[in-house]
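Structure first, then comments.
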Amino acid sequence: MQEPPATPIARDELALRRHRFFSDLLQAAQSSTEHRVRFDPLGPLVHPGCDSTDKEEHLEELVNRLENVTRRLENVHFVVHTQDIAVQTSTPSPKRSTSSTSSLSSKETISHPPVSMSVAGYEDLLAGPVKEYLQLSKKIGGDVAVHSKLVEKVFQIQLQFVQMAASRPAPMNQSEQISLFGPLSAQIQQIQEFREKNRGSPFFNHLSAISESIPALGWVAVSPTPAPYVKEMNDAGQFYTNRVLKDWKEKDKIHIDWCKAWVQTLTDLQQYVRQHHTTGLVWAKTAASGGIPAGIPPPPPPSMPIGDISQMLNASDDRSALFAQINQGEDITKSLKKVTSDMQTHKNPALRSGPAPFKAPTVNAVSMKNVPPANVPIDKPPVFTRDGKKWLVEYHKGESVVVDNAEMNNVVYMFRCQDSTLTVKGKVNSIVMDSCRKSSVVFDSLVSSIEFVNCQSVQMQVLGKVPTISIDKTDGCQMYLSSQSLDVELITSKSSEMNVMVPKANGDYSEYPVPEQFKTTISQNGLSTTAVDSLG
Numbered sequence: 004m005q006e007p008p009a010t011p012i013a014r015d016e017l018a019l020r021r022h023r024f025f026s027d028l029l030q031a032a033q034s035s036t037e038h039r040v041r042f043d044p045l046g047p048l049v050h051p052g053c054d055s056t057d058k059e060e061h062l063e064e065l066v067n068r069l070e071n072v073t074r075r076l077e078n079v080h081f082v083v084h085t086q087d088i089a090v091q092t093s094t095p096s097p098k099r100s101t102s103s104t105s106s107l108s109s110k111e112t113i114s115h116p117p118v119s120m121s122v123a124g125y126e127d128l129l130a131g132p133v134k135e136y137l138q139l140s141k142k143i144g145g146d147v148a149v150h151s152k153l154v155e156k157v158f159q160i161q162l163q164f165v166q167m168a169a170s171r172p173a174p175m176n177q178s179e180q181i182s183l184f185g186p187l188s189a190q191i192q193q194i195q196e197f198r199e200k201n202r203g204s205p206f207f208n209h210l211s212a213i214s215e216s217i218p219a220l221g222w223v224a225v226s227p228t229p230a231p232y233v234k235e236m237n238d239a240g241q242f243y244t245n246r247v248l249k250d251w252k253e254k255d256k257i258h259i260d261w262c263k264a265w266v267q268t269l270t271d272l273q274q275y276v277r278q279h280h281t282t283g284l285v286w287a288k289t290a291a292s293g294g295i296p297a298g299i300p301p302p303p304p305p306s307m308p309i310g311d312i313s314q315m316l317n318a319s320d321d322r323s324a325l326f327a328q329i330n331q332g333e334d335i336t337k338s339l340k341k342v343t344s345d346m347q348t349h350k351n352p353a354l355r356s357g358p359a360p361f362k363a364p365t366v367n368a369v370s371m372k373n374v375p376p377a378n379v380p381i382d383k384p385p386v387f388t389r390d391g392k393k394w395l396v397e398y399h400k401g402e403s404v405v406v407d408n409a410e411m412n413n414v415v416y417m418f419r420c421q422d423s424t425l426t427v428k429g430k431v432n433s434i435v436m437d438s439c440r441k442s443s444v445v446f447d448s449l450v451s452s453i454e455f456v457n458c459q460s461v462q463m464q465v466l467g468k469v470p471t472i473s474i475d476k477t478d479g480c481q482m483y484l485s486s487q488s489l490d491v492e493l494i495t496s497k498s499s500e501m502n503v504m505v506p507k508a509n510g511d512y513s514e515y516p517v518p519e520q521f522k523t524t525i526s527q528n529g530l531s532t533t534a535v536d537s538l539g
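Numbering (the numbering used here) for the sequence shown: 4 to 539.
See the structure below:
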């Protein structure tokens, strides 16, 4: 059965259905838009909900927004124009009014200078081991918790001091320097006085460990090497931390963690000082200025003086002449004169009898700064004194010095001695030999370590126990060990001619050289370094 032919009435009904379908579909899809308009194949029909009142309100809103944008552009143009006038007339720029500034943006902010690396590093120190020490002190309670409040305050004072140093130059006179260091010094003294007032406390060893090592925060006044000073103070408090470990090892583990947290605090402080303040507290070169409002361009550079224009014109002429000569190519050699035999010195003896040609003057070596080598002795009076827990042996030449009646928390410091011998009786914390030449040290036992720094041809002999020997930038070091020190650890860097003398059963010594040459290879896990024996 065939389909009846399409009639005009059928076509009109199909078009009407198509019109209703597309109108309903577009109305449902675009009902949430601001201009709710629907389309169909027969032409657009505006939705009844979009009346003339909505059109007028929307048009008024667009006009208001356009006026606000225009007003902002005019204000920005006015600010830039006034800055240009101020630069051209060499007069200060007029202060912008509050109304013009507020019209720029209600959410305008001021850009602050970035935090320096030294300040950020110190904040990380406070957020790490210092915070752990404070939490453990609070758990222990009693005098330890009260003492930790004073320690927390001294770290906050030093943080403010580091922030101040990052924003201003170093003080010019001594009185200003003393006033700046005053709060920090007073707080350290208060921490030490708390220990003296509570000698009967059951946590006296805890208080002593802090009081003996808290002067490490005085590194801000030490130069040029504050990092070793922090380590020295850390070693000074190790005597009492060892007592805490011994007394509480079998009782409460929190005291063990407390000791580790405090030692780690000073160790991280030493690393921080070594990284950010290697040669002393770093001050800013100039005072920090205030922030500049964001969005406002900087003033243009001053106009060039009129006198410079002629110089630029002359320079351009010179450059043009230079390029013209270069473009000549091989023809440029035509202007050169031929050197005849009578012009040559080795062929014309008469020229050799004339005046010598001009010779540039040599730099006067006397005007240059003479830095004496390390092995040159300094003509200063010898020093042998005790400063608190530190024994100072300095500038001795051809003498024998004996340190007697020393305590376990004492530190012996030997500096710039030549052809001298130092004898330390009793057990002390540590010994440091700095910039000494052809000198030796003999000691009984050490709690921590002995260090050789910038020395030449030095010797040491231990009669008892020494845990660690550190050698840095030293040429020639002979180490005589005892039978109790065979488990010693040697840490060397940038040194040479180091020999370890190990005792034998017959009383003689066996000599073992410390490796100076190393071989490094690359493996899958990184670098692998091994010592290389000399075959010569």
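Glycine included, every Cβ here is placed at the ideal spot set by N, Cα and C.
{"Check": "Does the pairing of the segment 241-252 with the segment 219-231 give three or more beta-carbon distances under 8 Å?", "Outcome": "no"}
{"Check": "Considering only DSSP beta bridges, list what TRP394 is partnered with.", "Outcome": "ARG389 and VAL415"}
{"Check": "Output needed for TRP286: all residues of its chain with C-beta closer than 6 Å, excluding positions within five of it in sequence on either side, in chain order.", "Outcome": "ALA168, PRO172 and ALA173"}
{"Check": "Going by the CB atoms, is the gap between TYR275 and LEU124 shorter than 8 Å?", "Outcome": "Before going further, note that residue 124 is Gly rather than Leu in the sequence given. In this structure, TYR275 lies closer than 8 Å to GLY124 by Cβ."}
{"Check": "Looking at the unbroken alpha helix (DSSP H) that takes in ASN237, where does it start and where does it end?", "Outcome": "229-251"}
{"Check": "Return the residue from the list ILE194, MET175 and TYR136 that minimises the CA-CA distance to VAL157.", "Outcome": "ILE194"}
{"Check": "Could you please give me the residues that DSSP links to VAL456 through a beta bridge?", "Outcome": "ASP437 and ASP475"}
{"Check": "Which of the three DSSP states is assigned to GLN527 in this structure?", "Outcome": "coil"}
{"Check": "Classify ILE329 as buried or exposed, calling it buried when 16 or more other Cβ atoms lie within 10 Å of its own Cβ.", "Outcome": "exposed"}
{"Check": "From ILE309 to ALA327, what does the alpha carbon distance come to, in whole angstroms?", "Outcome": "Residue placement at ILE309 is flagged as unreliable, the pLDDT there being 45, under the threshold of 50; a coordinate-derived value is accordingly withheld."}
{"Check": "Can you say whether PHE521 is buried or exposed, counting buried as having 16 or more other CB atoms within 10 angstroms of its CB?", "Outcome": "exposed"}
{"Check": "Give me the residue from ALA409, MET436, ASN237 and GLN180 with the minimum Cα distance to LYS430.", "Outcome": "ALA409"}
{"Check": "Apply the 10 Å Cβ neighbour rule to ILE213 and answer buried if 16 or more other Cβ atoms are within range, or exposed otherwise.", "Outcome": "buried"}
{"Check": "Got a sec? Which residues, its chain only, sit under 7 Å from ASP260 by beta carbon, not counting five neighbours each side?", "Outcome": "LEU139"}
{"Check": "Straight-line CA distance for SER496 to LYS476?", "Outcome": "6 Å"}
{"Check": "Would you call the CB atoms of VAL461 and MET501 closer than 8 Å?", "Outcome": "no"}
{"Check": "Give the secondary structure of GLU410 by DSSP, where H, G and I count as helix, E and B as strand, and everything else as coil.", "Outcome": "coil"}
{"Check": "Cα-Cα, which of ASP345, VAL535 and MET411 is closest to THR523?", "Outcome": "VAL535"}
{"Check": "Do you know whose CA, among GLU179, PRO186 and PHE197, lies nearest GLN161's CA?", "Outcome": "PRO186"}
{"Check": "Given a cut-off of 8 Å on the beta-carbon distance, is the pair MET463 and SER448 in contact?", "Outcome": "no"}
{"Check": "First and last residue of the beta strand (DSSP E) that includes PHE446?", "Outcome": "443-449"}
{"Check": "Taking the DSSP output, what are the residues bridged to PHE521?", "Outcome": "ALA534"}
{"Check": "Cutting at 6 Å between CB atoms, please list the residues of its own chain near ILE494, excluding the five before and the five after it.", "Outcome": "SER473"}
{"Check": "With DSSP collapsed to three states, give me the class of LYS428.", "Outcome": "strand"}
{"Check": "Beta carbon of PRO132, beta carbon of ASP255: below 8 Å?", "Outcome": "no"}
{"Check": "Please identify the residue among GLN273, SER182, LEU530 and LYS141 whose C-alpha is closest to the C-alpha of ALA230.", "Outcome": "GLN273"}
{"Check": "Smallest Cα separation from LYS450: which of GLY479, ASN413 and CYS439?", "Outcome": "Position check: residue 450 holds Val in this sequence, whereas Lys was assumed. Among GLY479, ASN413 and CYS439, the Cα nearest to that of VAL450 belongs to ASN413."}
{"Check": "For ALA508, which of THR289, SER486, ASN528 and ILE525 has the nearest alpha-carbon?", "Outcome": "SER486"}
{"Check": "From MET236 to GLU215, what does the alpha carbon distance come to, in whole angstroms?", "Outcome": "7 Å"}
{"Check": "DSSP state of MET482, grouped into three classes?", "Outcome": "strand"}
{"Check": "Along the chain, where does the alpha helix (DSSP H) containing MET175 start, and where does it finish?", "Outcome": "Counting along the chain, MET175 falls outside any alpha helix (DSSP H), and DSSP gives it neither H nor E."}
{"Check": "Thinking just about the alpha-carbon of each residue, which of GLU514, SER433 and VAL456 is nearest to the one in GLN241?", "Outcome": "SER433"}
{"Check": "Could you say which of PRO518, THR533, ASN528 and MET482 lies nearest to TYR512 if we only look at CA atoms?", "Outcome": "MET482"}
{"Check": "What do you reckon, are the CB atoms on VAL469 and SER488 nearer than 8 Å?", "Outcome": "yes"}
{"Check": "Which residue's Cα is closest to the Cα of PHE446: CYS480, ASN176, GLN278 and VAL405?", "Outcome": "VAL405"}
{"Check": "Could you tell me which residues DSSP pairs with ASN351 in its beta bridges?", "Outcome": "Note: ASN351 sits in no beta bridge, so no partner."}
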